[in-house]
Amino acid sequence: MLAKSLSDLTEVFLNTDDLIISKTDLKGRITYANRTFMRIAGFDEEDLLHQPHNMIRHPDMPKGIFKFLWQELRQGHEFFGFVKNYTADHGFYWVFANITPDFDAAGHVQGYFSVRRRPSSDAIKTIEPIYQKMIDIEHRYSRANACTHSLAFLEQLLESQQVSYERFVMQLQAS
3 MLAKSLSDLT
13 EVFLNTDDLI
23 ISKTDLKGRI
33 TYANRTFMRI
43 AGFDEEDLLH
53 QPHNMIRHPD
63 MPKGIFKFLW
73 QELRQGHEFF
83 GFVKNYTADH
93 GFYWVFANIT
103 PDFDAAGHVQ
113 GYFSVRRRPS
123 SDAIKTIEPI
133 YQKMIDIEHR
143 YSRANACTHS
153 LAFLEQLLES
163 QQVSYERFVM
173 QLQAS
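The sequence shown maps to residues 3 to 177 in our numbering.
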């Protein structure tokens, strides 16, 4: 189980039909946030716009997941995954995220578009211990190498199950 603190006493749950939508520039700064994002995260629009999206990143999230996310996006691929975020009052919420490159008319990536929805509770029960192991691995290495080692752990886990990352998270979400 992931380490819990007093701030983690307040979990916000998305409704089944909630869609959190945001757009960022190429550096991950928020250029658009829908009302659902503001309501769930507890931030006003002026508190979100032009801020780095990682301002809501919860420390229970392994850096290796974000290394993988950025690798996928830089290759022009979309990313699916489970993400734990902070709220403005330091509570938290889980999402199943889909992040895609946002292309301009000439086909150049101009930013990223993200749609997040309520994750399956069974998926979160499965992903939390994996994320905790990744964080434990990250703590054993220097900052420069931590992401690489935790991502290698995830890749070995997926290889042992003979499943791609995308198929793994999609199966979890469908559970």
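Built from N, CA and C at the ideal position, the CB exists for glycine as well.
DSSP three-state assignment for residue i, whether helix, strand or coil
i	result
Pro54	strand
Ser177	coil
Thr33	strand
Thr128	helix
Arg120	coil
Thr38	helix
Contact belief for residue i with residue j at Cβ below 8 Å, rounded distance in angstroms
i	j	result
Pro121	Phe98	4 Å
Lys25	Thr38	In fact, because the Cβ distance is near 14 Å, the residues do not count as touching under 8 Å.
Gly109	Asp27	Between Asp27 and Gly109 the Cβ distance is about 17 Å, and since that is not below 8 Å, they are no contact.
Asp49	Tyr133	Contact flag wrong, Cβ pair sits at about 27 Å.
Phe68	Glu74	The Cβ separation is near 11 Å, so there is no contact.
Gly66	Cys149	5 Å
Asp124	Ser162	Wrong, their Cβ atoms sit about 20 Å apart, outside the cutoff.
Straight-line gap, residue i to residue j (C-alpha atoms, nearest Å)
i	j	result
Ala107	Arg119	28 Å
Pro64	Val111	26 Å
Glu168	Gly83	8 Å
Leu160	Asn17	30 Å
Phe105	Asp19	27 Å
Phe15	Asn87	12 Å
Ile126	Trp96	8 Å
Asp58	Val171	First, the amino acid is wrong: residue 58 is Ile here, not Asp. Computed Cα separation, rounded: 21 Å.
Thr102	Gln158	25 Å
CB of residue i within 8 Å of CB of residue j, strictly
i	j	result
Ala90	Ala43	yes
Ile139	Phe115	no
Leu153	Phe70	yes
Asn100	Val85	no
Pro54	Arg76	no
Discussion item. Could you tell me which whole alpha helix (DSSP H) segments of length 4 or greater appear in the stretch 67-116?
Written reply: The qualifying runs do not exist here; there are none.
Item to complete: At 4 residues or longer, and completely inside the stretch 132-163: list those alpha helix (DSSP H) runs for me, N to C.
Response: For the alpha helix (DSSP H) assignment, the uninterrupted runs of no fewer than 4 residues enclosed by the stretch 132-163 are, from N- to C-terminal side, 145-162.
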